[in-house]
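What follows is a short report on a single structure.
Take a look at the structure:
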């Protein structure tokens, strides 16, 4: 499915979401729309680290950026592929799965490295993060 | 580092022997040669030979070796330990605070420190005979002429791979880190040795800084500091051909995260600025996100100093770079210029 069709589909989903939330707080709908607009304006931009999600969706913190990443990465015809990582001291990315990431974020405990199944040694919470790639096929 | 390079407990070694033992355990033969040249010490191409040379140099009555004294050997060893290859995190302090910090440190120079690491310094402690807790231990406060160095031992205990659930595979190791306070600049340099595994660098840097603050602030005074963010240095050095040749650079595009590594560590005159990277698909602009500069020694010495800024991609994307690595600075003055220049561009 092309990016254009995925964007169109998400746009329709957002309209329905906005309709449902019309009497409630819809700030999330706004940041989702911001992000969708950015992607349709810049279809060549295929990489979205946290800092770029912040500017593209005009959100105010990493939690909102995570929310954007989640919204656009789950379900059928998702727009983003999210990679959860521990950004290790030596410059490498250690892959962790979504569940371990959420666990670690909520409890401030070392996440389990997907490759080895061991908890990360010397865990430094600020090094927990993610990045997204646009799904283009 | 293994526990093999330690002082035998049977006979009391001389100061010279302890210094040589400590120098050898740094594993910094070629840098010791650079520093040794300042005093006239003949650092050879193997440690056994160096020990013989230095003994002769010290005993010699030839005026050529007049600076070859045990005291200068001590300076040499300290210099190697505090500046061979380190990651620097820098904190700016106010002029008023810097004066006070130097005053408090001066009072500690040469004072005996009561722990096994200080007593064994610069040699390493034999962990077969003692089993200290992991942590930071002050070893020495030394006046280096251009500033005061607080040398700490960081003790690490970690399991061998596969032994994480057993106590048998726990390895204890010791690394020397330094906090340096220059006389001529109002800053605190936390220097983490590259001998320590990378994943301990930040942890040690934080722990050493706290230890240092405890030492200078015995009365509970903690000086406000501002940590230097070197992010802007990366682009600044990349665009400034006078700043040294670029032996290794990583360029990237913000739009699709395509990295281009420009690198030649084997050619002495390579510079990444001679190469251009073009994105043929979208014509995205490449920007430098990590850089290794090499600057030649001055005078008759041949060799180069390494200055590098290699933040994690994720850190760089957030516009941060919290440390600079310097390898083999020719002199303390040259090192000071490197740090001062980096701060000016930050």
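Chains as they are written, first to last, in UniProt numbering: chain A, 1 to 137; chain B, 1 to 346.
Cβ coordinates follow ideal geometry from the N, Cα and C atoms, glycine included.
Keep in mind the model is a prediction, meaning the values are calculated, not measured.
Residue 255/B versus 95/A, 19/A, 53/A, residue with shortest Cα-Cα distance: 53/A
Among 252/B, 137/B, 294/B, which has the Cα closest to the Cα of residue 269/B? The closest CA to that of residue 269/B, considering only 252/B, 137/B, 294/B, is found on 294/B.
As assigned by DSSP and simplified to three states, the class of residue 163/B: coil
Using three-state DSSP, classify residue 190/B as helix, strand or coil. The answer is strand: DSSP assigns residue 190/B an E or B state.
List, in order along the chain, the chain A residues whose C-beta lies closer than 7 Å to that of residue 200/B? The contacting residues are 122.
Straight-line Cα distance separating residue 204/B from residue 230/B: Using only the alpha carbons, I get a separation of about 19 Å.
Using the Cα positions of residue 131/A and residue 101/B, report the straight-line distance between them to the nearest angstrom. Residue 131/A and residue 101/B: Cα-Cα distance of roughly 43 Å.
Per-residue contacts from residue 317/B into chain A (C-beta, under 9 Å): The answer, in chain order, is 49, 50, 51, 52, 131.
What are the boundary residues of the alpha helix (DSSP H) that residue 372/B is part of? Shown here, chain B extends from 1 to 346; a query on residue 372/B therefore has no answer.
Would the beta-carbon of residue 290/B fall within 8 Å of that of residue 320/B? no
Do residue 23/B and residue 80/B have their beta-carbon atoms positioned less than 8 Å apart in this structure? yes
Counting only runs that start and end within the region 53 to 82 of chain A, where is the alpha helix (DSSP H) found for 4 or more residues in a row? 62 to 71
Members of the region 288 to 311 of chain B that neighbour chain A once the beta carbon cut-off is set at 8 Å: Within the region 288 to 311 of chain B, the residues whose Cβ lies closer than 8 Å to any Cβ of chain A are, in chain order, 310.
So which residues on chain B does residue 90/A lean against when the C-beta distance must stay under 8 Å? Within chain B, the C-beta atoms nearer than 8 Å to that of residue 90/A come from 198, 199, in chain order.
Own chain, CB closer than 6 Å to residue 262/B, minus 5 neighbours either side, in chain order: 249, 272, 275
Alpha carbon to alpha carbon, how far is residue 76/A from residue 188/B? Give it in angstroms, no decimals. Straight-line Cα distance between these residues: approximately 54 Å.
Since residue 259/B sits in a beta bridge, which residues does DSSP pair it with? 252/B
Just the C-alpha distance for residue 335/B and residue 210/B, rounded to the nearest angstrom, thanks. 24 Å
Taking only beta carbons into account, state which residues of the region 82 to 108 of chain A come closer than 9 Å to chain B, listed in chain order. So the list reads 85, 87, 88, 89, 90, 91, 92, 93, given in the order they occur along the chain.
Give the secondary structure of residue 22/B by DSSP, where H, G and I count as helix, E and B as strand, and everything else as coil. helix
My assumption, with CB atoms under 8 Å, is that residue 47/B sits in contact with residue 29/B. Please give the rounded CB distance. 7 Å
Can you give the Cα-Cα distance for residue 111/A and residue 117/A, rounded to whole angstroms? 10 Å
Can you look up residue 153/B in the DSSP assignment and give me helix, strand or coil? In the structure shown, residue 153/B sits in a strand (DSSP, three-state: E or B).
Between residue 15/A and chain B, is any beta-carbon pair separated by less than 8 Å? no
Which one of 73/B, 311/B, 19/B has the shortest CA to CA distance from residue 91/A? Looking at 73/B, 311/B, 19/B, the one whose alpha-carbon comes closest to that of residue 91/A is 311/B.
Taking three-plus beta-carbon pairs below 8 Å as touching, is the region 87 to 97 of chain B in contact with the region 152 to 169 of chain B? no
Am I right that residue 338/B and residue 90/B are in contact with their C-beta atoms under 8 Å? What's the rounded C-beta distance? Actually they do not touch by this definition, with Cβ atoms about 11 Å apart.
For residue 29/A, the first and last residue of its enclosing alpha helix (DSSP H): Counting along the chain, the alpha helix (DSSP H) containing residue 29/A begins and ends at 27 to 41.
Run of the alpha helix (DSSP H) containing residue 318/B, from where it starts to where it stops: Membership of residue 318/B in any alpha helix (DSSP H) is not indicated, and neither H nor E is assigned to it by DSSP.
Contacts around residue 296/B, its chain only, beta-carbon distance under 7 Å, and the 5 residues preceding and following it disregarded: 304
Along chain B, which residues have their Cβ under 9 Å away from the Cβ of residue 44/A? 255, 256, 281, 282, 284
Return no unless some Cβ of chain A is closer than 8 Å to the Cβ of residue 203/B. yes
Is residue 196/B a contact residue of the ligand MN, with contact defined as CB to any heavy atom under 7 Å? Of ligands this structure carries none, so the ligand MN is not represented either.
Chain A residues whose Cβ lies nearer than 7 Å to that of residue 314/B: 49, 87, 129
Contained beta strand (DSSP E) runs [length at least 3] in the region 104 to 157 of chain B, N- to C-terminal order: Here the runs fully enclosed are 135 to 143.
With a threshold of 8 Å between beta-carbons, can residue 71/A be considered close to chain B, or not? no
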